[in-house]
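Q:
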Amino acid sequence: MQQRKGLTRRQFFKGSLGAAAVFSVVPRHVLGGEGNTPPSDTFGGALIGSGGRGPGTFADLKGHHNLDVELLARCDVRFADRADNKTIYTDYRLVLERKDIDIVAIGTHPGWHALISIAAMEAGKDVVCEKPMTRFIAEGRAVAEAEKRYGRIFQIGTYGRYGANRRTHKLMASGLLKKCPAVVMRRGDVKVAEWSGKVQYEVKPVPRWLDWDMYCGPAPLRPYQDHRFGGTHRGYWDYEGGGLADMSQHHLDGFNYEYAKDYTSPVEVEAYAPPAHPEACSMWGWVELQYADGLTLVIDSGEWGEPYNRKKEGGVSDDDLSPQDREKLRQMPDPEPLLGFGEAVKTRKQSGGHAEAAHRTATLFHLANIAIRTGRKLKYDPVKEVIIGDEEANRLIYQPMRAPWRL
Amino acid sequence: MAVSDKLKALVDQMPDPDDRGMPTKNIDKDKIEKAVAEIFRGGRASVQGLIEMLGEPGSPENVKPHYALHCVLNRALIVGDEGARRALCETLAANLTSGLSTYNKAYLCQELQWAGGKEAVTALAKLLTEEQLCDPAGMALVAIRDGAVEQLVAALPRAQGRCRLVIIHSLAALADPRSLNVLAQALNDPDREVRLAAAAGMAKAGDARCVSLLLTAADKASGWERVKATQACLLLAERLRAAGNKGEASRIYVHLRDTRTDPAEQYIRDAASKALAAAGAA
Chain A
12 MQQRKGLTRR QFFKGSLGAA AVFSVVPRHV LGGEGNTPPS DTFGGALIGS
62 GGRGPGTFAD LKGHHNLDVE LLARCDVRFA DRADNKTIYT DYRLVLERKD
112 IDIVAIGTHP GWHALISIAA MEAGKDVVCE KPMTRFIAEG RAVAEAEKRY
162 GRIFQIGTYG RYGANRRTHK LMASGLLKKC PAVVMRRGDV KVAEWSGKVQ
212 YEVKPVPRWL DWDMYCGPAP LRPYQDHRFG GTHRGYWDYE GGGLADMSQH
262 HLDGFNYEYA KDYTSPVEVE AYAPPAHPEA CSMWGWVELQ YADGLTLVID
312 SGEWGEPYNR KKEGGVSDDD LSPQDREKLR QMPDPEPLLG FGEAVKTRKQ
362 SGGHAEAAHR TATLFHLANI AIRTGRKLKY DPVKEVIIGD EEANRLIYQP
412 MRAPWRL
Chain B
21 MAVSDKLKAL VDQMPDPDDR GMPTKNIDKD KIEKAVAEIF RGGRASVQGL
71 IEMLGEPGSP ENVKPHYALH CVLNRALIVG DEGARRALCE TLAANLTSGL
121 STYNKAYLCQ ELQWAGGKEA VTALAKLLTE EQLCDPAGMA LVAIRDGAVE
171 QLVAALPRAQ GRCRLVIIHS LAALADPRSL NVLAQALNDP DREVRLAAAA
221 GMAKAGDARC VSLLLTAADK ASGWERVKAT QACLLLAERL RAAGNKGEAS
271 RIYVHLRDTR TDPAEQYIRD AASKALAAAG AA
């Protein structure tokens with residue numbers, strides 16, 4: 012089908028099909044030809060999780076990703092007393108059934124991110140999902156599989172990799188450096204105390220405007236206390252993983268790309284922290300993660316205990332190669348530019364913040380949190396994505412979900 | 021059993037919440053670990069005492085024993101003392117049918133999800149027919165795995181409503197071949213969520229006998245159920261292909277490619293065609 016400049020899909024639909032125009036926006040699959048390229052750039056959009064970053068995430072579709080998206084549906088557990096299931100919803104499944112929605116922006120708490128991302132792609136939608144991508148490692152693997160299975164576009168809502176050092180990426184991706192001497196330090200700004208959970212609180216009645224069961228979703232249905240709801244959900248393992256999970260998708264996105272670790276993960280993880288609480292995220296000092304090639308990543312909270320002092324910070328450069336390998340590197344092509352979400356949606360090519368990359372970044376802070384929570388040094392198999400020789404720690408890699416939610 | 025003064029004193033070593041109700045200030049790792057190690061040395065009696073000290077959710081009296089109980093259980097894992105882990109988890113399991121509050125029974129289930137083993141499955145299974153506790157019990161059984169399938173299948177005839185869903189959901193998560201007949205029957209359940217759980221479990225099990233059943237279920241479904249039932253077919257195809265059964269995997273892909281003719285399901289046709297090509301059977 013030919014592109015019709017200056018004509019939205021809605022206008023086109025009304026003009027060509029007249030009385031059949033019952034959709035507010037014509038879905039991409041109806042008017043799209045090969046590869047579902049739309050005849051105009053107007054997409055039907057939905058926002059699932061409309062508090063906090065949600066509206067900003069949706070607005071970024073236009074402002075940041077240059078997509079012409081019409082908001083057709085808003086879904087939030089806070090709409091329990093006003094959902095009409097036409098434009099306002101509390102159940103995202105009803106949103107995803109709609110055939111006129113092409114793109115879904117997800118701004119719920121992270122305990123829902125994976126399940127809604129997967130469901131949206133299963134329903135044929137493209138997804139931009141707020142960070143952090145997941146609550147545990149197996150969720151990330153399932154999102155990446157769904158992205159691949161359905162040929163959908165997924166973009167995580169953080170963009171550190173787009174400004175990362177491409178020269179280091181080229182060196183690390185070249186395979187020429189057999190042992191990586193770098194020790195990368197990430198100090199502070201992980202909001203440990205700020206995003207801790209309450210252990211002493213008042214149980215309250217669930218507000219009538221809130222679907223608390225849906226809010227808890229795959230996590231245990233807890234007695235309602237208002238600190239678990241809203242931005243402070245970050246302090247509970249049920250929904251996120253403290254400031255470490257909340258901030259590290261930002262902080263480590265660039266690192267993961269720069270050091271070419273989008274398709275692998277560390278093999279050893281050790282944390283310095285007091286015994287963790289079973290439900291509330293709380294204080295920790297630092298976590299050391301080491302890759303098979305020797306690269307070390309350290310996340311030092313700066314908020315508890317003695318600072319990290321095991322290894323000295325340092326990077327990598329072409330000087331770590333032999334003269335012959337430096338020449339080989341020089342002759343290799345530079346890395347392809349990373350596509351933004353908008354361009355990826357239009358060209359049906361993988362977005363720069365695609366699911367596998369986002370998953371591998373998320374794996375870093377999930378492994379760090381598992382080391383903090385278990386109090387044990389972990390050995391990780393980055394291919395099978397399991398912790399070696401620690402059955403109970405693996406229970407945090409793949410966590411059972413409350414019915415009817417499942418990966 | 022009365023809680024000893026010594027245990028109370030050790031529990032009191034746990035950190036006090038700050039003025040926001042959070043454990044973020046004056047966290048002394050050594051002090052906590054020494055107290056936890058001492059409680060751990062007390063074995064079953066200490067854990068029973070901790071359980072008796074538990075209070076209502078969020079209450080000041082619950083804060084320290086709740087935390088200490090988790091730390092003591094985790095201590096068994098940290099030091100790798102399997103005998104102690106089993107003994108402590110047996111103590112937790114024995115309390116699942118006691119007069120504890122629903123909240124604290126759910127907490128014990130959560131702790132068994134963390135550290136429990138086969139020693140706890142019989143006690144957990146008794147909660148599968150209790151509407152308020154079937155969810156945490158089911159989640160613990162899924163985490164433990166060992167011995168869970170038999171208990172879940174045995175509990176199913178006595179379960180209704182939410183409890184029935186939780187059992188099918190848990191069996192689906194475990195995807196054990198021994199539960200395939202149960203899941204196949206549940207594929208025709210009046211409850212949509214039960215049907216979808218059954219489909220998910222059958223797909224995950226990767227058994228070729230499920231191909232026709234899942235394709236039929238997906239073909240007759242609509243809306244959300246069609247999305248999820250179709251996903252189950254694609255997952256089953258992937259499992260079959262990975263196991264070397266390209267023929268049955270291709271049968272699924274061909275069926276989906278040829279039957280999803282609605283423009284809204286173009287992406288399913290595309291996915292099936294792509295997978296078929298990758299399977300080398302296009």
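Here the protein sequences line up with chains A and B, keeping their order.
Mapped onto the working numbering, the consecutive letters of the first sequence carry residue numbers 12 to 418.
Mapped onto the working numbering, the consecutive letters of the second sequence carry residue numbers 21 to 302.
Beta carbons are placed, not taken as given, at the ideal position from N, Cα and C, and that holds for glycine.
Values in this document were obtained by computation on a predicted structure and should not be read as measured data.
Determine the chain B residues that contact Trp315/A at a beta-carbon separation under 8 Å, and present them in chain order.
A: Residue 315/A sits at position 304 when you count from the first residue of the first sequence. Within 8 Å Cβ-Cβ: Ile47.
Q: Just to confirm my understanding: we take Arg271/B, look at its own chain, exclude 5 residues before and 5 after, and list those with CB closer than 7 Å. What are they?
A: To locate residue 271/B, count along the second sequence from 1; it is residue 251. Within the same chain, Arg271/B has close Cβ partners Val231.
Q: According to DSSP, what are the bridge partners of Ile114/A?
A: Numbered from 1 along the first sequence, position 103 holds the residue referred to as residue 114/A. Note: Ile114/A sits in a beta bridge opposite Gly56/A, Asp137/A.
Q: With H, G and I counted as helix, E and B as strand and the rest as coil, what does DSSP make of Ile164/A?
A: The residue labelled residue 164/A in the question sits at position 153 within the first sequence. In the structure shown, Ile164/A sits in coil (DSSP, three-state: anything other than H, G, I, E or B).
Q: Under 8 Å between C-beta atoms, does Ile381/A make it to chain B?
A: Here residue 381/A refers to the residue found at position 370 when the first sequence is read from its first residue. For Ile381/A, the answer is no, since every Cβ of chain B falls outside 8 Å of its Cβ.
Q: Against chain B, does Glu108/A count as a neighbour if the rule is that its beta carbon must be under 8 Å from one of theirs?
A: Locating residue 108/A in the first sequence gives position 97, counting from the first residue. Taking Cβ atoms only, chain B reaches closer than 8 Å to Glu108/A, which makes this a yes.
Q: From Asp331/A, Glu299/A, Ala94/A, pick the residue whose C-alpha is nearest to that of Gly186/A; which is it?
A: Within the first sequence, the letter at position 175 stands for residue 186/A. Checking every option, the nearest Cα to that of Gly186/A belongs to Asp331/A.
Q: Under a CB-based cut-off of 8 Å, is Ala149/A close to chain B?
A: For this step, residue 149/A is matched to residue 138 along the first sequence. Not closer than 8 Å to any Cβ of chain B, the Cβ of Ala149/A fails to qualify, so no.
Q: From the DSSP output, in three-state form, read off Met42/B for me.
A: Within the second sequence, residue 42/B is the residue found at index 22, counting from 1. Met42/B falls in the coil class under three-state DSSP.
Q: Identify the continuous alpha helix (DSSP H) that holds Thr250/B and give its terminal residues.
A: Stepping through the second sequence from its first residue, residue 250/B is reached at position 230. Run containing Thr250/B: 243-262, per the alpha helix (DSSP H) assignment.
Q: With Met196/A as the anchor, note down where its beta strand (DSSP E) starts and where it stops.
A: Counted from its first residue, the first sequence places residue 196/A at position 185. Its beta strand (DSSP E) spans residues 194-198.
Q: Would you mind listing the beta strand (DSSP E) stretches within the stretch 83-133 of chain A that are 3+ residues and don't spill past its ends, in chain order?
A: Within the stretch 83-133 of chain A, the complete beta strand (DSSP E) runs of at least 3 residues are 114-117.
Q: With a floor of 3 residues, list each beta strand (DSSP E) that falls wholly inside the stretch 274-314 of chain A, ordered by position along the chain.
A: Counting whole runs of 3 or more residues, the stretch 274-314 of chain A contains the beta strand (DSSP E) stretches 279-283, 297-301, 307-311.
Q: Under the three-state reduction of DSSP, which class applies to Ile47/B: helix, strand or coil?
A: In the second sequence, residue 47/B corresponds to position 27, counting from 1. In this structure, Ile47/B counts as coil in the three-state DSSP scheme.
Q: On a CA-only basis, which of Asp392/A, Leu255/A, Tyr268/A is nearest Leu182/A? Give me that one, please.
A: Counted from its first residue, the first sequence places residue 182/A at position 171. If we check each option's Cα against that of Leu182/A, Tyr268/A comes out closest.
Q: Hey, which unbroken runs of the alpha helix (DSSP H) at 4 residues or more fall wholly within the stretch 338-383 of chain A?
A: Complete alpha helix (DSSP H) runs here, min 4: 352-358.
Q: Are the C-beta atoms of Lys121/A and some chain B residue less than 8 Å apart?
A: To locate residue 121/A, count along the first sequence from 1; it is residue 110. As written in the sequence, residue 121/A is Pro, which differs from the Lys given in the question. Output row for Pro121/A: interface = no.
Q: Note down, in chain order, every chain A residue with its Cβ under 7 Å from the Cβ of Val56/B.
A: For the purposes of this step, residue 56/B is taken as residue 36 along the second sequence, with counting starting at 1. Result: Pro286.
Q: What are the boundary residues of the alpha helix (DSSP H) that Leu194/B is part of?
A: As a working mapping, residue 194/B is identified with position 174 in the second sequence. Here the alpha helix (DSSP H) through Leu194/B covers 181-194.
Q: Which one of Arg89/A, Phe69/A, Asp87/A, Phe90/A has the shortest CA to CA distance from Val80/A?
A: In the first sequence, the residue the question calls residue 80/A occupies position 69. Of the listed residues, the one whose Cα sits closest to Val80/A is Phe69/A.
Q: Quick one: list the residues of chain A neighbouring His189/B, beta-carbon separation under 8 Å, in chain order.
A: For this step, residue 189/B is matched to residue 169 along the second sequence. Under the 8 Å cutoff, chain A gives Ala414, Pro415, Arg417.
Q: Out of Ala55/B, Asp38/B, Pro37/B, Arg106/B, state which residue places its alpha-carbon closest to the alpha-carbon of Arg64/B.
A: Locating residue 64/B in the second sequence gives position 44, where the first residue counts as 1. Considering only alpha carbons, the answer is Arg106/B.
Q: Look up Lys390/A in the DSSP assignment and give the residues it is bridged to.
A: Within the first sequence, residue 390/A is the residue found at index 379, counting from 1. Lys390/A pairs with Glu279/A.
Q: Give the DSSP-derived three-state secondary structure of Gly46/A in the structure shown.
A: Translated into the one-based positions of the first sequence, residue 46/A becomes position 35. The predicted position of Gly46/A is uncertain, since its pLDDT is 48 and thus under 50; no value can be drawn from it.
Q: Does the CB of Glu53/B have a neighbour CB from chain A at under 8 Å?
A: Translated into positions along the second sequence, residue 53/B becomes position 33. Glu53/B counts as touching chain A.
Q: Do you know whose CA, among Ala269/B, Asp278/B, Cys253/B, lies nearest Glu133/A's CA?
A: For the purposes of this step, residue 133/A is taken as residue 122 along the first sequence, with counting starting at 1. If we check each option's Cα against that of Glu133/A, Cys253/B comes out closest.
Q: Per DSSP, which one or two residues make a beta bridge with Asp79/A?
A: Residue mapping note: residue 79/A aligns to position 68 of the first sequence, counting from 1. Partner(s): Thr53/A.
Q: Any heavy atom of the ligand NAD closer than 7 Å to the CB of Gly199/A?
A: Here there are no bound small molecules, and the ligand NAD is not part of this structure.
Q: First and last residue of the alpha helix (DSSP H) that includes Lys26/B?
A: Here residue 26/B refers to the residue found at position 6 when the second sequence is read from its first residue. Its alpha helix (DSSP H) spans residues 25-31.
Q: Would you kindly work out how many angstroms separate the C-alpha atoms of Asp36/B and Pro43/B, rounded to a whole number?
A: Within the second sequence, residue 36/B is the residue found at index 16, counting from 1. Within the second sequence, residue 43/B is the residue found at index 23, counting from 1. Near 6 Å, if we compare the C-alpha coordinates of Pro43/B and Asp36/B.
Q: Hey, how far is the Cα of Glu245/B from the Cα of Asp239/B?
A: Translated into the one-based positions of the second sequence, residue 245/B becomes position 225. Translated into the one-based positions of the second sequence, residue 239/B becomes position 219. Roughly 10 Å between the two C-alpha positions.
Q: Can you pull the DSSP bridge partners for Gly267/B?
A: Position 247 of the second sequence, counted from the start, is the residue given in the question as residue 267/B. According to DSSP, Gly267/B bridges with nothing at all.
Q: Between which residues of its own chain and Leu1/B is the CB-CB distance below 6 Å, once the five residues before and five after are set aside?
A: Look at the range of chain B in this structure, 21 to 302, and you will see that residue 1/B is not part of it.
Q: At a CB distance below 9 Å, what residues from the stretch 226-242 of chain A approach chain B? Give them in sequence order.
A: Answer set for the stretch 226-242 of chain A: Pro231, Leu232, Arg233, Pro234, Gln236, His238.
Q: With DSSP run on the structure shown, which of helix, strand or coil describes Val214/A?
A: Along the first sequence, one-based indexing puts residue 214/A at 203. It is coil, neither helix nor strand.
Q: What does Ile398/A pair with, by DSSP beta-bridge criteria?
A: For the purposes of this step, residue 398/A is taken as the residue at position 387 of the first sequence. Its beta-bridge partners are Tyr391/A.
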